[in-house]
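Read the structure below first, then the notes.
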Amino acid sequence: MAKYRKLGRTASQRKALLRNQVTALLSNGKIVTTEAKAKEIRKQVESLIALAVKEKDNYEEVTVKAKVARKDADGKRVKEVVDGKKVTVYDEVEKTIKKDKPSRLHARRQMLKVLFPVKEGEKKNMKEVDMVAKLFDEIAPKYADRNGGYTRIVKIGQRKGDAAMEVLIELV
């Protein structure tokens with residue numbers, strides 16, 4: 112018995128298709144696709160969420176000093192003239208950052224193999240959303256007390272063109 116469905120595609124096409132659909136499912140919460148694709152997507156999504164749940168609190172908060180450019184009321188950098196040259200003025204600020212422990216860093220890199228950044232928002236105000244951060248910060252806390260079964264597949268019916276079974280796969 113095969114370990115995975117080939118979906119009538121070459122290896123690189125199949126991998127790209129699954130990456131796109133897994134990322135779309137995690138960013139939107141649900142997608143409509145064929146039954147065979149949904150069952151393959153489910154495998155990857157379940158393992159990603161399980162990894163995120165396992166490593167969600169595995170970090171330490173560290174305070175660091177950083178130089179930040181001073182800005183005026185319009186949001187532009189403040190410049191001073193020093194030795195005849197315009198130089199940007201910097202302020203030293205203390206920030207608290209999350210420093211991943213080695214196992215969480217490894218999990219983050221495993222997720223980056225599958226996921227990619229998604230652009231959300233209106234056409235002019237598109238912002239790139241880090242899907243790994245979304246997995247750790249939003250999705251994992253939702254499923255912290257749940258042991259697997261993070262997705263649901265609901266059959267919709269047959270597609271008109273080729274009579275393939277269409278399903279709705281969603282995060283529970």
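Residue numbers for the sequence shown follow the working numbering, beginning at 112 and rising by one.
Note that CB positions come from ideal geometry on N, CA and C, so glycine has one too.
Whether residue i touches residue j by CB criterion (8 angstroms)
i, j, result
"residue 231", "residue 238", "yes"
"residue 283", "residue 265", "no"
"residue 226", "residue 163", "no"
"residue 128", "residue 136", "no"
"residue 172", "residue 209", "yes"
"residue 146", "residue 115", "no"
"residue 187", "residue 198", "no"
"residue 132", "residue 154", "no"
"residue 141", "residue 170", "no"
"residue 157", "residue 259", "yes"
Whole-Å CB distance - residue i paired with residue j, under 8 angstroms assumed
i, j, result
"residue 243", "residue 223", "6 angstroms"
Closest residue to residue i among the options (Cα-Cα distance)
i, options, result
"residue 204", "124, 177, 258", "177"
"residue 262", "134, 281, 195", "281"
"residue 134", "115, 159, 124, 150", "159"
"residue 240", "201, 138, 125, 145", "138"
"residue 174", "206, 236, 253, 211", "206"
"residue 201", "273, 214, 183", "183"
"residue 255", "228, 125, 161", "161"
"residue 276", "257, 144, 123, 113", "144"
"residue 251", "120, 181, 233, 218", "218"
"residue 340", "220, 181, 257, 130", "Absent from the model: residue 340. The displayed extent of the chain is 112 to 283, so no value can be given."
"residue 168", "124, 236, 185, 214", "214"
Residues sharing a beta bridge with residue i, DSSP
i, result
"residue 202", "179"
"residue 188", "182"
"residue 193", "196"
"residue 269", "276"
"residue 263", "281"
"residue 170", "211"
Contact test: residue i Cβ vs the ligand MN heavy atom, cutoff 7 angstroms
i, result
"residue 153", "As far as ligands go, the structure on display features none, and thus does not contain the ligand MN."
**OP:** Pick out the complete alpha helix (DSSP H) segments inside the segment 220–260, 4 residues or longer, and give them in chain order.
**Re:** 242–245, all fully within the segment 220–260.
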